[in-house]
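According to the working numbering, the residues represented by the sequence shown are 1 to 104, in order.
Using N, Cα and C, we set each Cβ at its ideal position, and we do this for glycine too.
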Amino acid sequence: MAVVKSDIWNYEEAHPTFNDVYLIMEIADTTLNSDREVTGTVYARSGIEDYWVLDIKNRQLYVDREPTEEGYQREMILTENDSIIPLRFSDCVVQVSQMLHPES
Numbered sequence: 001m002a003v004v005k006s007d008i009w010n011y012e013e014a015h016p017t018f019n020d021v022y023l024i025m026e027i028a029d030t031t032l033n034s035d036r037e038v039t040g041t042v043y044a045r046s047g048i049e050d051y052w053v054l055d056i057k058n059r060q061l062y063v064d065r066e067p068t069e070e071g072y073q074r075e076m077i078l079t080e081n082d083s084i085i086p087l088r089f090s091d092c093v094v095q096v097s098q099m100l101h102p103e104s
């Protein structure tokens with residue numbers, strides 16, 4: 001999932017560029033290591049400031065910030081009891097539990 005700048009007409013003939021992206025979030029079931037290591041490094045090198053990976057098996061959210069050419073410098077691992085504020089939306093609080101399927 002990507003949260004991008006809101007001018008939809010810019011994307012009528014082309015996909016958003018990395019400069020248009022506010023937040024990228026991956027949902028990981030079997031791809032956690034790939035999302036965290038390979039894809040995360042690509043996004044960091046591209047300058048994506050806020051990269052989230054939701055680990056549905058372990059019910060955790062990985063939040064990577066401060067991108068560099070080598071990868072992200074800041075990593076947070078949140079549990080379903082935590083919340084997070086996206087960098088570009090300071091008035092929005094996201095509860096990790098609301099992104100997960102309720103436990104049975």
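Nearest-angstrom Cα separation, counted from residue j out to residue i
i	j	result
Glu37	Glu80	22 Å
Ile84	Gln95	7 Å
Leu32	Tyr62	10 Å
Ser34	Pro102	25 Å
Thr130	Leu54	For residue 130 there is no data in the structure shown, the boundaries of the chain being 1 and 104.
Asp7	Pro16	10 Å
Spatial neighbours of residue i in its chain, beta-carbon cut-off 6 Å, leaving aside the 5 residues before and after
i	result
Leu87	Glu49, Asp50
Tyr22	Val3, Arg88
Lys5	Asp20
Arg75	Residue identity check: residue 75 is Glu in the sequence provided, not Arg. Cβ within range, chain order: Asp64.
Segment limits, beta strand (DSSP E) that includes residue i
i	result
Thr79	71-79
Arg88	Here Arg88 belongs to no beta strand (DSSP E), and DSSP marks it neither H nor E.
Asp64	60-68
Val53	50-55
Residue i (DSSP reduced to helix, strand or coil)
i	result
Met126	This structure leaves residue 126 out entirely; the chain is present only between 1 and 104.
Ser6	coil
Asp20	helix
Limits of the unbroken alpha helix (DSSP H) element including residue i
i	result
Arg36	Looking at the DSSP string, Arg36 is not in any alpha helix (DSSP H), and its letter there is neither H nor E.
Anticipated Cβ contact below 8 Å, residue i with residue j, distance rounded
i	j	result
Phe18	Gly47	6 Å
Arg45	Glu69	6 Å
Sequence-distant residues of its chain with Cβ nearer than 7 Å to residue i (five each side left out)
i	result
Val93	Ser83, Ile85
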